[in-house]
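Take a look at the structure below.
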Amino acid sequence: LKLGILASGNGSNFAAVAEAIAQGKLNAHIQVLIYNNPEAKAAQRAQEQGIPATLLNHRDFPSREDLDAQIVKTLREYDVEWVIMAGWMRIVTPFLINAFPNRIINIHPSLLPSFKGVRAIEQALAAKVKITGCTAHFVTLEVDSGEILLQAAVPILPDDTLETLHARIQVQEHRILPQAIALAAYQY
Ligand code: GRF
32 LKLGILASGN
42 GSNFAAVAEA
52 IAQGKLNAHI
62 QVLIYNNPEA
72 KAAQRAQEQG
82 IPATLLNHRD
92 FPSREDLDAQ
102 IVKTLREYDV
112 EWVIMAGWMR
122 IVTPFLINAF
132 PNRIINIHPS
142 LLPSFKGVRA
152 IEQALAAKVK
162 ITGCTAHFVT
172 LEVDSGEILL
182 QAAVPILPDD
192 TLETLHARIQ
202 VQEHRILPQA
212 IALAAYQY
């Protein structure tokens with residue numbers, strides 16, 4: 032599987048996919064990391080691992096469509112088959128979706144369809160649910176609404192803060208995202 036990873040920030044999910052590949056748990060290759068934020072730690076992680084990383088700063092593009100067109104061009108240049116959104120904080124357009132039909136996977140920090148969109152963990156805390164988690168799903172035009180591949184549940188503890196809960200959700204994200212990639216590739 033030739034993967035292209037899109038990340039905006041820390042890149043721990045990117046690192047988890049790279050680690051699963053290194054350990055032989057996922058038969059894939061990361062062709063390129065695309066990041067939109069010059070500060071993204073994901074870029075540093077890619078450099079350490081010798082993975083090509085391309086900065087496409089959304090501020091350099093007049094519209095979402097222009098950014099996505101350049102993303103598609105870059106993914107094609109690197110011969111990418113599957114696109115993995117690992118903390119990609121941009122809303123995607125049909126340019127990207129239509130270029131990779133049923134080939135884009137996202138990881139979201141809630142049990143979808145609950146708590147879509149931004150600040151999903153804050154939403155779960157505010158709703159006072161007792162169980163939340165994470166979801167690996169296909170990306171469609173409607174945000175956080177594509178077919179679900181895998182989910183993991185995480186209990187919310189009485190003294191949880193955003194930080195402690197996010198940390199426990201991330202442990203599960205790092206586990207299910209590589210599994211979801213394998214599952215998707217096997218199914219489709
Ligand atoms: C993850 O919690 C993911 O669910 C959300 O953004 C976060 C990215 O974390 N979409 P990281 O950059 O992979 O560490």
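According to the UniProt record's numbering, the stretch in the sequence shown is residues 32 to 219, in order. Cβ coordinates follow ideal geometry from the N, Cα and C atoms, glycine included.
Item	Value
What are the boundary residues of the beta strand (DSSP E) that includes F92?	No beta strand (DSSP E) contains F92, which DSSP labels as neither H nor E.
For the ligand GRF, is there any heavy atom lying closer than 7 Å to the beta carbon of P209?	no
Between A155 and S141, is the Cβ-Cβ spacing less than 8 Å?	yes
Comparing C-alpha positions only, which one of Q75, L188, I115 sits nearest to A215?	I115
What residue from V103, I152, S145 has the CA that sits closest to F131's CA?	V103
Does DSSP put I200 in a helix, in a strand, or in coil?	helix
Which residue marks the beginning of the beta strand (DSSP E) containing N137, and which one marks its end?	135-139
How is P186 classed by DSSP in three states: helix, strand or coil?	strand
Can you grab the Cα-Cα spacing for the pair L86 / V123, in whole Å?	17 Å
With three or more C-beta pairs closer than 8 Å as the rule, is the stretch 40-49 touching the stretch 89-98?	no
If G118 and A38 are in contact, beta carbons under 8 Å, what's the gap, nearest whole angstrom?	5 Å
Between which two residues does the beta strand (DSSP E) carrying I65 extend?	60-66
Would you check if the distance between the CB atom of I207 and the CB atom of A183 is smaller than 8 Å?	yes
Under 7 Å: does the beta carbon of A74 sit that close to some heavy atom of the ligand GRF?	no
Just to confirm the assignment: which complete alpha helix (DSSP H) runs, minimum length 4, are found wholly within the stretch 147-185?	151-158
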